[in-house]
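Under my numbering, the sequence shown has 123 at position 123, and the numbering climbs by one with no breaks.
Working notes, structure below.
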Amino acid sequence: MLDSFSRAVLDAEAQTTYVEGDRLARLRQFAASHSQRISAVEVMRQQANDIVAQAIAAMVAENPELIQRGGNCYPSRRMATCIRDGEFILRYVSYALLAGDAAILQDRCLEGLKQTYQTLGVPLSSAVRAIVEMKTATLTQLDPVLREVPVDVKLALVQEISEYFEIAIAALR
């Protein structure tokens, strides 16, 4: 896993150039948002149970057979597994946000997840729906924290967080 600074250096080194231009601007923006990133991750940690519970509830509301006998969230141990997976994905989204790089999310969380779910018979559409709902719940929980942040920083963080969730969604499609 590399953070944004390490990745910029390695990319520049591979091209035998200085870190300059767009890369430098992105690093400047990343550095300017460090305290907001930390605050966002703290909210994600504190609200993880609520975020995941809201997402799972929305998924089940759309697909109630999931919690009926024979459904993928029945019995309760399967529901617990579903909740655990949601918490796992949310935690890795928070790691990516701290690093400013999706590599840890992709390499340590999403790699092979689709195949695992397919093998276990987990409906991918339900998993995708849960992640969409986690994204919405996360951004809703972060709104009060980001209210006092300069608009450009807020928009960049919201876009970045959204991108990490979209990467998770794409991994399951």
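Virtual Cβ for every residue (Gly too), placed ideally from N, Cα, C.
These numbers were taken from a predicted model, which means no experiment stands behind them.
In the structure shown, Pro-75 falls within a coil segment according to DSSP collapsed to helix, strand and coil.
Only residues of its own chain outside the window of five on either side were considered, and among them Val-60, Leu-66, Ile-67, Met-79 and Cys-82 have a CB closer than 7 Å to the CB of Cys-73, listed in chain order. Of the other Cβ atoms in all chains shown, 16 or more fall within 10 Å of the Cβ of Ile-56; this residue is therefore buried.
Secondary structure note for Thr-140: its alpha helix (DSSP H) is the uninterrupted segment 124-146. In this structure, DSSP gives Ala-40 a helical state, which the three-state scheme calls helix.
When the beta-carbon positions are compared, Asp-50 and Gln-118 stay at least 9 Å from each other.
Note that the C-beta distance between Val-122 and Phe-165 is not below 9 Å. Boundaries of the alpha helix (DSSP H) around Val-158: 151-171.
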